[in-house]
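Engineer: The structure follows.
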Amino acid sequence: MNRGRVEHWSVSGKLAEVKLGHPCGAMSVTFGSLWVADCKANSLNRINIKTTQKNVVIQTGIANPRGELNVVSGDGSIWVASDGSGKVARVDPLTNKVIASIPVDSETYYLAFGYGALWGVSATHNTLQKIDPQTNTVVKKTVLGRAPGFLAAGEGAVWVQEQGDGTVARVSPETGEVSGRVKVDNSLMYGDIDAGGGKIWLRTTDHQTFVVIDPQTLAIRARVGAQTGSGALRYTPEGIWTTSHDIHVLAWWANPENIGN
1323 MNRGRVEHWS
1333 VSGKLAEVKL
1343 GHPCGAMSVT
1353 FGSLWVADCK
1363 ANSLNRINIK
1373 TTQKNVVIQT
1383 GIANPRGELN
1393 VVSGDGSIWV
1403 ASDGSGKVAR
1413 VDPLTNKVIA
1423 SIPVDSETYY
1433 LAFGYGALWG
1443 VSATHNTLQK
1453 IDPQTNTVVK
1463 KTVLGRAPGF
1473 LAAGEGAVWV
1483 QEQGDGTVAR
1493 VSPETGEVSG
1503 RVKVDNSLMY
1513 GDIDAGGGKI
1523 WLRTTDHQTF
1533 VVIDPQTLAI
1543 RARVGAQTGS
1553 GALRYTPEGI
1563 WTTSHDIHVL
1573 AWWANPENIG
1583 N
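For any residue, its number in this note's numbering is found by taking its place in the sequence shown, counting from 1, and adding 1322.
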């Protein structure tokens, strides 16, 4: 995303853009659409990825107008933190309607879906919450370190940035217990995290662009790239995309199977 618009890029250049009031947070691509929050309109927007037309605006509310949040998909639904007092909206992509509003800890902004559950993090309550999509209720809470942020579900666990402690916590999706931690830096504020290809990919703000973590041993297998400030990260089998907000750069790192070996 960029100021006043979202953009479609490939490794060869920009392919398209769609104007929005204030696109914010991390987006999701599923059901043939791009789903993106708009912090100006307090809405969830559905964009057709073939025509690049915004065809649906859903008035969900947006929990964090500063934009630190994300949209995720799972169990046939789209999920977004919709109210800072503690609500997550569940949207049916068949009807484009909010079908549930789930009570959670206040300031739960960060979401991930995996292992049959929605996972939500509150940075102020220092909690990871497991939400059962069958009942739309929180069924487990895990106490985390300071200022937890973005999270990912994959490679056998739920992984949470404990931004204030500079650590990444590994949480069992079955029990909700923390099964290990790895110290990465003094702080992990304003980074990102993803899982895939047998590795954990952690976008950092200090000392490097991203870090590769072994999900079994929790060893740091690589520190990659120069320090470029805050940004986001996504894994694909073909390569890693990273953004650097402070210097306005989108970067592509090919052959992730060779990174950190």
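Cβ coordinates follow ideal geometry from the N, Cα and C atoms, glycine included.
Since the structure is predicted, the reported quantities are computational estimates derived from the model, not experimental observations.
Enumerate in chain order the residues of its own chain whose CB-to-CB distance from A1348 is below 6 Å, with the five nearest sequence positions on each side excluded.
Structural biologist: Within the sequence shown, residue 1348 is the residue found at index 26, counting from 1. Cβ within range, chain order: N1392.
Engineer: So for P1425, helix, strand or coil by DSSP?
Structural biologist: Numbered from its first residue, the sequence shown carries residue 1425 at position 103. Residue state, collapsed to three classes: strand.
Engineer: Pop quiz: A1403 and V1410 are said to be a contact at Cβ under 8 Å. What is the actual Cβ separation, rounded to whole angstroms?
Structural biologist: Sequence index remark: in the sequence shown, residue 1403 carries index 81 (1-based). Sequence index remark: in the sequence shown, residue 1410 carries index 88 (1-based). The Cβ separation is near 6 Å, so the contact holds.
Engineer: Ordered along the chain, which non-local residues of its own chain (more than five positions away) have a Cβ less than 6 Å from that of D1514?
Structural biologist: By one-based count along the sequence shown, residue 1514 stands at place 192. Excluding sequence neighbours, D1514 sits near F1472, R1525, A1554 and L1555.
Engineer: Could you name the residues that DSSP lists as bridge partners for Y1437?
Structural biologist: Locating residue 1437 in the sequence shown gives position 115, where the first residue counts as 1. None, per the DSSP bridge assignment.
Engineer: In the DSSP assignment, find the beta strand (DSSP E) that holds P1415 and state where it starts and stops.
Structural biologist: Counting from 1 along the sequence shown, the entry for residue 1415 is found at position 93. Counting along the chain, P1415 falls outside any beta strand (DSSP E), and DSSP gives it neither H nor E.
Engineer: Is the separation between the beta-carbon of G1476 and that of G1436 shorter than 8 Å?
Structural biologist: For the purposes of this step, residue 1476 is identified with residue 154 of the sequence shown, where counting begins at 1. For the purposes of this step, residue 1436 is identified with residue 114 of the sequence shown, where counting begins at 1. Yes, the pair counts as a contact, with Cβ atoms nearer than the cut-off.
Engineer: Between the stretch 1351 to 1369 and the stretch 1426 to 1445, do at least 3 Cβ pairs fall closer than 8 Å?
Structural biologist: Short answer: they don't touch.
Engineer: Ignore the nearest five residues each way along the sequence and tell me which others in V1465's own chain have a CB closer than 7 Å to its CB.
Structural biologist: As a working note, residue 1465 is residue 143 in the sequence shown. Here the set comprises N1448 and T1449.
Engineer: Going by C-alpha distance, which of D1427, S1552, G1582 and N1583 is nearest I1569?
Structural biologist: Looking up residue 1569 in the sequence shown gives position 247. Comparing Cα positions, the closest option is S1552.
Engineer: Count the other C-beta atoms from every protein chain shown that fall within 10 angstroms of the C-beta of G1488, then say buried if there are 16 or more, exposed otherwise.
Structural biologist: Reading the sequence shown from its first residue, position 166 is the one you call residue 1488. When all chains shown are included, G1488 counts as buried.
Engineer: From this set, P1559, I1453, G1486 and D1360, which residue's C-alpha is nearest E1506's C-alpha?
Structural biologist: Residue numbering aside, residue 1506 sits at position 184 when the sequence shown is read from its first letter. Reading the sequence as shown, one finds Val at residue 1506 and not Glu. Measuring from the Cα of V1506, the nearest candidate turns out to be G1486.
Engineer: Can you give, in chain order, each stretch of the beta strand (DSSP E) that sits fully within the stretch 1450 to 1483 and has at least 3 residues?
Structural biologist: List check, beta strand (DSSP E) in window: 1459 to 1465 and 1470 to 1476.
Engineer: Anyone know if the C-beta pair for L1510 and Q1483 falls short of 8 Å?
Structural biologist: Within the sequence shown, the letter at position 188 stands for residue 1510. Within the sequence shown, the letter at position 161 stands for residue 1483. Taking 8 Å as the Cβ cut-off, L1510 and Q1483 qualify as a contacting pair.
Engineer: Look up R1525 in the DSSP assignment and give the residues it is bridged to.
Structural biologist: One-based indexing of the sequence shown puts residue 1525 at position 203. Answer is D1514 and F1532.
Engineer: Cα-Cα, which of D1397, A1491 and S1444 is closest to N1458?
Structural biologist: Taking the sequence shown and counting its residues from 1, one reaches residue 1458 at position 136. It is D1397.
Engineer: Excluding the 5 residues preceding and the 5 following S1494 in the sequence, name in chain order all residues of the same chain whose CB lies nearer than 7 Å to its CB.
Structural biologist: One-based indexing of the sequence shown puts residue 1494 at position 172. Correct list, in chain order: A1479 and S1501.
Engineer: Please report the straight-line C-alpha distance between S1423 and V1328, rounded to a whole angstrom.
Structural biologist: Residue numbering aside, residue 1423 sits at position 101 when the sequence shown is read from its first letter. Residue numbering aside, residue 1328 sits at position 6 when the sequence shown is read from its first letter. So the two alpha carbons sit approximately 27 Å from each other.
Engineer: Taking the alpha-carbon positions, what's the G1383 to G1408 distance?
Structural biologist: Taking the first residue of the sequence shown as position 1, residue 1383 is located at position 61. Taking the first residue of the sequence shown as position 1, residue 1408 is located at position 86. Each residue's Cα considered, the two are about 12 Å apart.
Engineer: Here's the rule: buried if 16 or more other CB atoms are within 10 angstroms of the residue's CB, otherwise exposed. What is W1574?
Structural biologist: Here residue 1574 corresponds to residue number 252 of the sequence shown, with the count starting at 1. Exposed is the call here.
Engineer: Using the Cα positions of T1417 and S1399, report the straight-line distance between them to the nearest angstrom.
Structural biologist: On the sequence shown, residue 1417 is found 95 positions in, with the first residue counted as 1. On the sequence shown, residue 1399 is found 77 positions in, with the first residue counted as 1. Roughly 11 Å separates the two Cα atoms.
Engineer: Note down, in chain order, each residue of its chain lying with its Cβ closer than 6 Å to the Cβ of V1379, except the 5 sequence neighbours on either side.
Structural biologist: As a first step, residue 1379 must be located in the sequence shown, where it is residue number 57. Answer for V1379: S1365 and N1367, listed in chain order.
Engineer: Measuring CB to CB, does G1442 end up less than 8 Å from V1426?
Structural biologist: For the purposes of this step, residue 1442 is identified with residue 120 of the sequence shown, where counting begins at 1. For the purposes of this step, residue 1426 is identified with residue 104 of the sequence shown, where counting begins at 1. Contact: yes.
Engineer: Nearest CA to the CA of T1565: which residue from R1543, F1532 and E1579?
Structural biologist: Taking the sequence shown and counting its residues from 1, the one referred to as residue 1565 is at position 243. Closest by alpha carbon: F1532.
Engineer: Out of curiosity, what's the CA-to-CA distance linking Q1538 and G1520?
Structural biologist: Locating residue 1538 in the sequence shown gives position 216, counting from the first residue. Locating residue 1520 in the sequence shown gives position 198, counting from the first residue. Each residue's alpha carbon lies about 9 Å from the other.
Engineer: Out of V1340, L1440 and Y1512, which has the shortest C-alpha to C-alpha gap to K1372?
Structural biologist: If you number the sequence shown from 1, residue 1372 lands on position 50. For the residues V1340, L1440 and Y1512, the minimum Cα distance to K1372 belongs to V1340.
Engineer: What is the rounded straight-line gap between the Cα of N1580 and the Cα of S1332?
Structural biologist: Sequence index remark: in the sequence shown, residue 1580 carries index 258 (1-based). Sequence index remark: in the sequence shown, residue 1332 carries index 10 (1-based). So the two alpha carbons sit approximately 21 Å from each other.
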